[in-house]
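First comes the structure, then the notes that go with it.
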Amino acid sequence: MGKRTDAKQKMVQAAKQLIRQRGYNGTAFSDVLELSGTSRGSVYFHFPGGKAQLALEAAEAHALEQVQIIDRAAGQATSAAQLIEIYVGLGRDGMIAGDYGRGCCIAPLITEGVTQESAELAEAGRRGFSEITDRLAFHFAALGVARAPARVLAEAVIAGVEGAMITSRALRSAAPYEAVRTVLVGHAEAVTVATTVPENGVPVRPPARPAAGQPN
Numbered sequence: 006m007g008k009r010t011d012a013k014q015k016m017v018q019a020a021k022q023l024i025r026q027r028g029y030n031g032t033a034f035s036d037v038l039e040l041s042g043t044s045r046g047s048v049y050f051h052f053p054g055g056k057a058q059l060a061l062e063a064a065e066a067h068a069l070e071q072v073q074i075i076d077r078a079a080g081q082a083t084s085a086a087q088l089i090e091i092y093v094g095l096g097r098d099g100m101i102a103g104d105y106g107r108g109c110c111i112a113p114l115i116t117e118g119v120t121q122e123s124a125e126l127a128e129a130g131r132r133g134f135s136e137i138t139d140r141l142a143f144h145f146a147a148l149g150v151a152r153a154p155a156r157v158l159a160e161a162v163i164a165g166v167e168g169a170m171i172t173s174r175a176l177r178s179a180a181p182y183e184a185v186r187t188v189l190v191g192h193a194e195a196v197t198v199a200t201t202v203p204e205n206g207v208p209v210r211p212p213a214r215p216a217a218g219q220p221n
């Protein structure tokens, strides 16, 4: 794929932001043009496939952004539990900073029935969630969780965060993120213990870590 022009990059980022806030059906090209500061001619030049193409590229950008966030969080973590603390905490902080108005850029393509009209968008949604889940599973395995439990844990984290986005917006509260983090951190510690055997052959529970945002 060739290098994106500045105008196209701005439009993709604007679409990503708007879909996260308003959903796919609630985002119009005129909104994207206004937010990105680009001309109407840019639409036909960069997105001959129309709104569906723009949404597809926004979903791909969102997935890439999440993978990068996971990589940075993993670089700070020394356990699967701590990676969950950081990753879920970042989602919570972003929701609060966005005044409980931010969601996922990929989910609306599925929940609003868009994927039933476009096989390409359906594939983009499947691929996006798969890439994010795969990345988490990779890091969980690197942090001491066996491959199969690492995959299950990654799927649970993504499902939990997606659910927390919805309920947090509805309740205008960060409590759903806190609940997801508490439960999944406990599970991560349990599966790490189950797959980590010290020299004496007796699994030992690692020391509890403080919740994200709390002093060590």
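Following the numbering used here, the numbering of the sequence shown begins with 6 at its first residue and continues without gaps.
For every residue, glycine included, the Cβ atom is placed at its ideal position computed from N, Cα and C.
From a predicted model like this one, the values you see are computed outputs, not experimental measurements.
Mind reading off the beta-carbon distance from residue i to residue j? Whole number of angstroms is fine, and I expect it under 8 Å.
i	j	result
Tyr-105	Arg-174	5 Å
Gly-130	Ala-64	7 Å
Met-170	Gly-108	5 Å
Ala-12	Thr-32	The pair is not a contact, with the Cβ atoms about 18 Å apart (cut-off 8 Å).
Tyr-29	Pro-113	4 Å
Helix, strand or coil for residue i? Go by DSSP, reduced to three states.
i	result
Gly-191	helix
Ile-105	First, the residue type needs correcting, since residue 105 is Tyr and not Ile in the sequence shown. It is coil, neither helix nor strand.
Phe-145	helix
Glu-62	helix
Ile-74	helix
Ala-179	coil
Gly-31	coil
Ser-84	coil
For the alpha helix (DSSP H) containing residue i, list its first residue and its last residue.
i	result
Gly-168	152-176
Val-48	45-51
Thr-120	No alpha helix (DSSP H) contains Thr-120, which DSSP labels as neither H nor E.
Apart from the five residues just before and just after residue i, which ones in its own chain have a Cβ nearer than 8 Å to its Cβ?
i	result
Ile-163	Phe-134, Ile-137, Thr-138, Leu-141
Restricting to Cα atoms, I'd like to know which of the options is closest to residue i.
i	options	result
Tyr-1	Ala-153, Ile-24, Glu-70	Not covered by the structure: residue 1. The range shown for the chain is 6 to 221.
Val-72	Ala-159, Val-37, Val-190	Ala-159
Pro-154	Leu-38, Thr-197, Ala-60	Thr-197
Glu-122	Phe-50, Lys-56, Gln-26	Lys-56
Excluding sequence positions up to five away, which residues of its chain have a Cβ less than 7 Å from the Cβ of residue i?
i	result
Val-188	none
Arg-156	Ala-142
Between which residues of its own chain and residue i is the CB-CB distance below 6 Å, once the five residues before and five after are set aside?
i	result
Val-119	Tyr-29, Leu-126
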